[in-house]
Structures are given as C-alpha cells and as structure tokens.
Amino acid sequence: MSRQSQDPKGRRGHFSNGFSLLELIIVIVIISVLLVLAISRLLALQVDAERVAMQTVLGTLRSSIGMKVAESIVRSKVADLPTYAGSNPMNLLAETPHNYLGEFDGVDPASLPDGNWYFDKRTETLVYLVRNKGFFTGGLPNPPRARFKVILVYSDKNGNGVFDQGIDDIQGLRLSAVEAYSWSRY
C-alpha cells in the first residue's frame, strides 16, 4: 500500500512506490560483483591453503630426513644412509599427517581422493594428489599430482653416475621433486 509523501515545507508530493526497477537492477549488479569478488578471493585462499599445507608436510619430512642424517653421523653409521634412498619418508615421522593414505603398490591414482598423500612402492615415490587442479602445473597429469623421492647425495668420484660404496663419499639424503611443478594464484 502506498501513501502520499510530504516535503519539509508540508506540501504534498507524488506517490512513493518503493524502489524503481532501475534502482533494483543496480543493487543486484553491485551485489553480484561483490559475490564474484568474494568467491574468487575464497578460491585463491583455498589454493594458498593447499599449497602451504603441502609445503608444510614437505618441510617436516625434510627435517626428519636431516635428523636421520645427523643421527647417522653421530652414531658413525653414515654407510647405512644408502638404505634410505627410495624409502618412504613418512616412516621417519612420529605421527603421519591426517591426509596420508598409506603405502600402495602401483595403485591407480585416479581411484584415490584428492588432497591426500600416499607412497607408491613400485616407483619408490611419495605422491601428493592435488585438489585444486586448475592452479597446479607440472608434475604428472590425470590426475594432477606431485611426486617426491628420497635420494642419496654423494660425490661421484669415478663419474659413473651410480653410487659406489667405498669409492664415492656420502654427503646425505634429500627429498626431491621427481618432476618440476608450480602453483599459480589465480
């Protein structure tokens, strides 16, 4: 129901029926633009959160590998380090991440849920299955994933590209990406 409005001088004016159609369209457009901006920012935050979570796990694993190397040096067991090459670095942790699925022997990665880690015994690689696929490049496709491997670091004195016990000097262990990868923000 509408009523007549009065201006400050007490004169009667025109009838007011609420918002005009143009005003309503402008409000809807403004709200739509704000929603699009909020959703895109939320998506960027989700991608950043996944990237940071992945890198945090990698940092923890690299620290545990460094502690294993230090322990081997202190105990004069550096010669044992080659046994860790190709091993599952999750076994070095006191507690595995909640999104670690375990060890598999040649599993189809498409059958596993995204956003999780697993160790592939066949390839001796630790694999992360990417959740935000559109923001990840490199690694392996279908599904997008990053793979990491524990490798022995040594000085190749005879230049044959293979570690030779007693000839080459052991320098440590490293968790390295098998294929290059990168994350984009948007």
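Here the numbering used here is used: the sequence shown runs in plain steps of one and ends on residue 232. Each residue gets a CB set at the ideal place from its N, CA and C atoms; glycine is no exception.
>> Are the CB atoms of Gln217 and Val199 within a distance shorter than 8 Å?
In response: For the purposes of this step, residue 199 is taken as the residue at position 153 of the sequence shown. For the purposes of this step, residue 217 is taken as the residue at position 171 of the sequence shown. In this structure, Gln217 lies closer than 8 Å to Val199 by Cβ.
> Going straight from the alpha carbon of Met136 to that of Thr142, what length do you get?
Replying inline: For the purposes of this step, residue 136 is taken as residue 90 along the sequence shown, with counting starting at 1. For the purposes of this step, residue 142 is taken as residue 96 along the sequence shown, with counting starting at 1. Taking the straight line from one Cα to the other gives about 6 Å.
> Going by C-alpha distance, which of Leu107, Thr183, Lys179, Asp202 is nearest Leu138?
Replying inline: Here residue 138 refers to the residue found at position 92 of the sequence shown. With distances taken between CA atoms, Leu138 lies nearest to Leu107 out of Leu107, Thr183, Lys179, Asp202.
>> Beta-carbon within less than 8 Å of Tyr146's beta-carbon, same chain only, minus the 5 sequence neighbours each way: which residues are those?
In response: Mapped onto the sequence shown, residue 146 falls at position 100. For Tyr146, where only same-chain residues beyond five positions count, the Cβ hits under 8 Å are Met136, Asn162, Trp163, Tyr164.
> First and last residue of the beta strand (DSSP E) that includes Val120?
Replying inline: Within the sequence shown, the letter at position 74 stands for residue 120. Counted as a single uninterrupted DSSP element, the stretch harbouring Val120 is not any beta strand (DSSP E) but the alpha helix (DSSP H) occupying residues 67-120.
> Roughly how many angstroms lie between the CA atoms of Gly112 and Leu219, to the nearest whole one?
Replying inline: Indexing the sequence shown from 1 puts residue 112 at position 66. Indexing the sequence shown from 1 puts residue 219 at position 173. So the two alpha carbons sit approximately 7 Å from each other.
> Apart from the five residues just before and just after Lys179, which ones in its own chain have a Cβ nearer than 6 Å to its Cβ?
Replying inline: Start at 1 with the first residue of the sequence shown, and residue 179 comes out as number 133. Pro190, listed in sequence order.
> What does a CB cutoff of less than 7 Å around Val196 pick up in its chain, not counting 5 residues either side in sequence?
Replying inline: What you label residue 196 is simply residue 150 of the sequence shown in a count that begins at 1. By the criterion of a C-beta distance shorter than 7 Å, Val196 is surrounded in its chain by Ile111, Tyr130, Ala131, Gly132, Ser133, Pro135, Leu219, Leu221, once the five residues flanking it on both sides are discounted.
>> Among the candidates Ala116, Val176, Ile77, whose CA atom is the shortest distance from the CA of Gln101?
In response: Residue numbering aside, residue 101 sits at position 55 when the sequence shown is read from its first letter. Comparing Cα-Cα distances from Gln101 to each of Ala116, Val176, Ile77, the minimum goes to Val176.
>> By the three-class DSSP mapping on this structure, what secondary structure does Thr129 have?
In response: Along the sequence shown, one-based indexing puts residue 129 at 83. Shown here, Thr129 sits in a helix according to DSSP, grouped into three states.
> Quick one: what's got a C-beta closer than 7 Å to Tyr174's C-beta in the same chain, skipping five residues either side?
Replying inline: As a working mapping, residue 174 is identified with position 128 in the sequence shown. Within the same chain, Tyr174 has close Cβ partners Met100, Trp163, Arg191, Ala192.
>> Am I right that Ala140 and Arg231 are in contact with their C-beta atoms under 8 Å? What's the rounded C-beta distance?
In response: Working through the sequence shown from its first residue, we reach residue 140 at position 94. Working through the sequence shown from its first residue, we reach residue 231 at position 185. Wrong, their Cβ atoms sit about 33 Å apart, outside the cutoff.
> Do you know how far the Cα of Leu186 is from the Cα of Ser122?
Replying inline: Looking up residue 122 in the sequence shown gives position 76. Looking up residue 186 in the sequence shown gives position 140. Each residue's alpha carbon lies about 39 Å from the other.
> From Leu172 to Val75, what does the alpha carbon distance come to, in whole angstroms?
Replying inline: The residue you call residue 172 lines up with position 126 of the sequence shown. The residue you call residue 75 lines up with position 29 of the sequence shown. In a straight line, the C-alpha of Leu172 is about 47 Å away from that of Val75.
> Which same chain residues, not among the five before or five after Phe209, have their C-beta less than 7 Å away from its C-beta?
Replying inline: Here residue 209 refers to the residue found at position 163 when the sequence shown is read from its first residue. Same-chain partners within the cutoff: Pro128, Leu198, Tyr200.
>> Measuring only the C-alpha atoms, how far is Met47 from His144?
In response: Here residue 47 corresponds to residue number 1 of the sequence shown, with the count starting at 1. Here residue 144 corresponds to residue number 98 of the sequence shown, with the count starting at 1. Residue placement at Met47 is poorly supported in this model, since its pLDDT is 46, which falls under 50; the coordinates still yield a value, given next. When rounded, the distance between both Cα atoms is 60 Å.
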